[in-house]
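Colleague: Chains as they are written, first to last, in the UniProt record's numbering: chain A, 1 to 266; chain B, 1 to 266. I'd like to ask you about the structure that follows.
There are 2 protein chains.
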Amino acid sequence: MTEPKDYKIAAVDRALALLEALADRPEQGVTSLAKSLGMTKSLVFRLLHTLEERGFVSRDPERAEYSLGYRIGVLGERLGKDGALLYAARPVMDALRDKTSENVNLVIREGLKSYVLATRAGYHSIRLFAQAGRNGPLHAGGGSLLLLAYADPSVVDTVLAQPLEAFTPHTVTDRAKLRQVLERIRANGYNIVLNDLDDGAFSVAAPIRSADGAVIASISVAGAVVRFDEERRETYLKAALDAAAEISERLSIHGPGENGRVKSMA
Amino acid sequence: MTEPKDYKIAAVDRALALLEALADRPEQGVTSLAKSLGMTKSLVFRLLHTLEERGFVSRDPERAEYSLGYRIGVLGERLGKDGALLYAARPVMDALRDKTSENVNLVIREGLKSYVLATRAGYHSIRLFAQAGRNGPLHAGGGSLLLLAYADPSVVDTVLAQPLEAFTPHTVTDRAKLRQVLERIRANGYNIVLNDLDDGAFSVAAPIRSADGAVIASISVAGAVVRFDEERRETYLKAALDAAAEISERLSIHGPGENGRVKSMA
DNA sequence: CGCAATGTTTTATTCTGTGAAACATCGTTT
DNA sequence: AAACGATGTTTCACAGAATAAAACATTGCG
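Have a look at this one:
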């Protein structure tokens with residue numbers, strides 16, 4: 001079905017793509033951006049100018065390199081209901097990272113992909129890097145599998161109907177086995193994986209639920225397998241479950257969220 | 001001077017204006033947005049579609065009303081150096097709000113205006129509302145005046161050359177007197193105002209400095225004057241100064257900021 | 001039951017976004 | 001020191017895309 005209606009307006013879409021490219025890799029110049037986006041330099045230049053005038057990007061005057069600007073941070077402070085999860089999660093993620101010294105990831109499902117909403121980098125010098133804003137598979141990775149386990153059955157079917165890439169020798173690509181894995185996740189209420197997405201990495205994931213009990217996101221502790229022993233397994237799991245519970249609770253309490261009417265500013 | 005060069009691309013600029021309108025007031029429909037922005041409905045409709053496809057806005061399927069989407073929150077997690085201030089300030093603002101139960105505002109200067117980067121709402125039922133993303137004057141308000149006091153002299157001159165609106169009977173609009181006020185702020189290293197921008201409101205502001213010592217922002221505690229006594233004056237001032245110092249320190253420590261290379265995701 | 005307001009779609013016209021290429025401004029290399 | 005190469009900036013002409021207007025659909029309200 002070649003969607004007959006396309007209301008997308010190209011110029012705007014390009015600008016958004018540019019913003020995402022800058023989020024992906026900050027401190028880029030015009031040429032670099034043009035190349036990686038397949039746009040011409042003049043176009044990128046104009047887009048950046050437009051974005052800069054509104055503070056959505058800022059440039060280092062010396063080096064003529066651009067990064068995302070403060071105005072985006074401000075918008076991020078004023079999200080609609082989509083922001084509730086981020087708000088609730090941020091301090092909890094900070095605490096979880098400090099407690100474990102490992103990477104912490106907040107992941108949601110976006111169609112048939114996983115999507116990293118936010119991350120906290122661990123304190124170890126040898127560590128994995130995850131990046132907010134990245135799409136990943138649903139059939140591998142601690143948080144992703146957990147999301148898949150709690151997703152609508154039709155989603156599971158669709159995912160299983162597609163080719164399942166093996167990211168490492170330990171990735172579960174056998175359909176029947178994968179369904180068992182999902183079953184076990186639901187039974188346990190958490191998910192622990194080793195080496196299934198990144199070789200040498202573990203991930204301990206717990207489900208975050210909305211007020212109506214639906215699983216809407218996962219929070220996970222991830223790091224290098226070499227640091228993962230029986231004791232850490234226990235403490236990380238408890239920490240992740242506690243964190244997930246706290247975020248879930250915050251979401252339920254605040255409910256629809258506060259949309260304070262504006263009266264003035266100080 | 002009618003700027004001869006205008007590299008702004010209109011479609012993109014309109015999209016950004018739309019985002020800011022949504023930040024200003026979430027949960028708006030097409031018509032409402034079109035009216036407040038002076039655009040046609042079809043245009044707003046297309047812009048929203050484009051933004052929605054990338055997750056920059058999300059819509060309540062029932063009510064067909066739009067709000068800012070999660071993707072903006074994700075970008076907000078990955079700001080360039082502009083984000084350092086927000087990162088450093090967020091937890092400190094939370095703590096300051098909890099300590100005082102009053103509104104907390106993070107304000108920067110944007111040309112000849114003040115700009116609210118972030119706010120934390122106080123816990124009192126009678127309270128002022130401030131809103132992130134709002135421009136305000138430089139010559140009134142606790143944080144604004146403090147920023148003006150530390151701004152380049154040419155900025156002060158320009159501001160004083162313009163008409164100074166009196167927001168309340170207590171707003172200082174006399175040029176000479178205003179210069180004295182700025183002088184006193186610099187001498188004190190903080191600023192406390194009553195009723196100068198909002199009648200019945202106080203504001204206790206302290207300067208946030210970058211690593212090189214320049215004042216780049218202000219953090220302020222604000223609330224209703226009826227709750228402002230000698231004791232609170234002292235505790236709020238100390239709390240604000242401490243908070244400002246801590247943010248400044250965080251900024252200096254983290255320096256250029258961490259731009260972790262991406263390897264994978266979990 | 002009908003009216004009013006809102007969201008959605010279509011279409012024609014204009015104007016704007018676009019790419020190509022020239023220009024300027026560096027920093028680097030030989 | 002001179003020439004080169006890479007990058008950011010500007011110009012310009014044209015195609016095509018953004019836009020306004022108006023028709024259509026849908027919903028809620030009186």
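For each residue, glycine too, the CB sits at the ideal point set by N, CA and C.
Going along the chain, which residues of the segment 56 to 89 of chain A sit with their C-beta nearer than 7 Å to a C-beta in chain B?
Modeller: Those residues of the segment 56 to 89 of chain A that come within reach of chain B (Cβ to Cβ, closer than 7 Å) are F56, S58, S67, L68, G69, Y70, I72, G73, V74, L75, G76, E77, R78, L79, G80, K81, D82, G83 and L86.
Colleague: Straight-line CA distance for Y236 (chain A) to T100 (chain A)?
Modeller: So the alpha carbons of these two residues sit roughly 7 Å apart.
Colleague: So for P91 (chain B), helix, strand or coil by DSSP?
Modeller: Here P91 (chain B) sits in helix by DSSP.
Colleague: Can you find at least 3 beta carbon pairs, one from the segment 153 to 166 of chain B and one from the segment 215 to 227 of chain B, that sit closer than 8 Å?
Modeller: The answer is no - the segment 215 to 227 of chain B does not touch the segment 153 to 166 of chain B, with fewer than three Cβ pairs under 8 Å.
Colleague: Is N103 (chain A) helix, strand or coil when you go by DSSP?
Modeller: The answer is strand: DSSP assigns N103 (chain A) an E or B state.
Colleague: Could you spell out where the alpha helix (DSSP H) holding P26 (chain B) opens and where it closes?
Modeller: No alpha helix (DSSP H) holds P26 (chain B); DSSP gives it neither H nor E.
Colleague: At least one CB of chain A closer than 8 Å to the CB of L147 (chain B): is that the case?
Modeller: Chain A, which has no Cβ nearer than 8 Å to the Cβ of L147 (chain B), makes this no.
Colleague: Quick check on the burial criterion: 16 or more other C-beta atoms within 10 angstroms. Buried or exposed for A161 (chain B)?
Modeller: Flag for A161 (chain B) reads exposed.
Colleague: Quick one: which unbroken alpha helix (DSSP H) runs of 4-plus residues sit fully inside the segment 49 to 83 of chain B? Chain order, please.
Modeller: Runs of the alpha helix (DSSP H) inside the segment 49 to 83 of chain B: 70 to 76.
Colleague: I'd like the list of long-range same chain contacts for G73 (chain A), defined as Cβ closer than 6 Å, with 5 residues on each side in sequence excluded.
Modeller: Closer than 6 Å at Cβ, skipping near neighbours: no residue.
Colleague: Under DSSP, the beta strand (DSSP E) around K8 (chain B) begins and ends at which residues?
Modeller: Neither: K8 (chain B) is in no beta strand (DSSP E) and is coded neither H nor E.
Colleague: Is there a Cβ from chain B that is less than 8 Å from the Cβ of D212 (chain A)?
Modeller: Chain B contact via Cβ: absent.
Colleague: To the nearest angstrom, how far is it from the Cα of D174 (chain B) to the Cα of N195 (chain B)?
Modeller: One C-alpha to the other measures close to 16 Å.
Colleague: Just how far apart, CA to CA, sit S220 (chain A) and G111 (chain A)?
Modeller: About 20 Å.
Colleague: Provide the residue span of the alpha helix (DSSP H) that contains L112 (chain B), from first to last.
Modeller: Element bounds for L112 (chain B): n/a, residue is neither H nor E.
Colleague: Against H49 (chain A), what residues of chain B qualify as contacts under a CB-to-CB distance less than 7 Å, listed in chain order?
Modeller: Residues of chain B passing the Cβ test: Y7 and K8.
Colleague: Just reading off the alpha helix (DSSP H) that A149 (chain A) is part of, what are its end residues?
Modeller: G142 to A149 is the extent of the alpha helix (DSSP H) around A149 (chain A).
Colleague: Using 8 Å as the cut-off, can you tell me whether the segment 136 to 151 of chain A makes contact with the segment 27 to 44 of chain A, which would need three or more C-beta pairs spanning the two stretches below that distance?
Modeller: Too few Cβ pairs lie closer than 8 Å, so no.
Colleague: Where L47 (chain A) and R54 (chain A) are concerned, what is the direct C-alpha to C-alpha distance, given to the nearest angstrom?
Modeller: Rounded to whole angstroms, L47 (chain A) to R54 (chain A) spans 11 Å at the Cα level.
Colleague: If we define contact as Cβ-Cβ less than 8 Å, is V181 (chain A) a contact residue for chain B?
Modeller: Not closer than 8 Å to any Cβ of chain B, the Cβ of V181 (chain A) fails to qualify, so no.
Colleague: At a Cβ threshold of 8 Å, is E53 (chain B) touching chain A?
Modeller: Yes - at least one Cβ of chain A is within 8 Å of the one on E53 (chain B).
Colleague: For the segment 122 to 133 of chain B, list every residue whose C-beta sits within 7 Å of some C-beta in chain A, in sequence order.
Modeller: Against chain A - using a Cβ distance shorter than 7 Å - the residues of the segment 122 to 133 of chain B are L128, F129, A130, Q131, A132 and G133.
Colleague: With N195 (chain B) as the anchor, note down where its beta strand (DSSP E) starts and where it stops.
Modeller: Careful: N195 (chain B) lies outside any beta strand (DSSP E) and carries neither H nor E.
Colleague: Here's a check: name, in chain order, each residue in its chain whose Cβ is nearer than 8 Å to the Cβ of A21 (chain A), leaving out the five neighbours to either side.
Modeller: Result list for A21 (chain A): Q28, L33, S36 and L37, in chain order.
Colleague: Starting from V159 (chain A), follow its DSSP beta bridges and name the residues at the other end.
Modeller: In DSSP, V159 (chain A) forms no bridge with anything.
Colleague: Identify the continuous beta strand (DSSP E) that holds V204 (chain B) and give its terminal residues.
Modeller: Looking at the DSSP string, the run of the beta strand (DSSP E) that includes V204 (chain B) is A201 to R209.
Colleague: Just to confirm my understanding: we take R186 (chain B), look at its own chain, exclude 5 residues before and 5 after, and list those with CB closer than 6 Å. What are they?
Modeller: Same-chain partners within the cutoff: A149.
Colleague: Between E246 (chain A) and V92 (chain A), how many whole angstroms is the CB-CB distance? I'm expecting something under 8 Å.
Modeller: The pair is a contact, with the Cβ atoms about 5 Å apart (cut-off 8 Å).
Colleague: Taking the beta strand (DSSP E) that V215 (chain A) belongs to, which residues open and close that run?
Modeller: Where V215 (chain A) is concerned, the enclosing beta strand (DSSP E) stretches over V215 to A224.
Colleague: Is L33 (chain B) close to chain A, meaning its C-beta is less than 8 Å from at least one C-beta of that chain?
Modeller: So, not an interface residue.
Colleague: Starting from A23 (chain B), find everything on chain A with Cβ-Cβ shorter than 8 Å and list it in chain order.
Modeller: What A23 (chain B) touches in chain A: V74, L75 and R78.
Colleague: For Q180 (chain B), count neighbouring Cβ atoms within 10 angstroms of its own Cβ and tell me buried if that reaches 16, exposed if not.
Modeller: Label assigned to Q180 (chain B): exposed.
Colleague: Checking the sheet assignment: what are the DSSP bridge partners for T119 (chain B)?
Modeller: T119 (chain B) pairs with B:N105.
Colleague: Would you mind working out which of A:Y7, A:R63, A:R14 and A:L251 sits nearest F45 (chain B), comparing C-alpha positions?
Modeller: Checked all of A:Y7, A:R63, A:R14 and A:L251; the closest Cα to F45 (chain B) is A:Y7.
Colleague: Could you tell me the alpha carbon to alpha carbon distance between G69 (chain B) and A23 (chain B), rounded to whole angstroms?
Modeller: About 10 Å.
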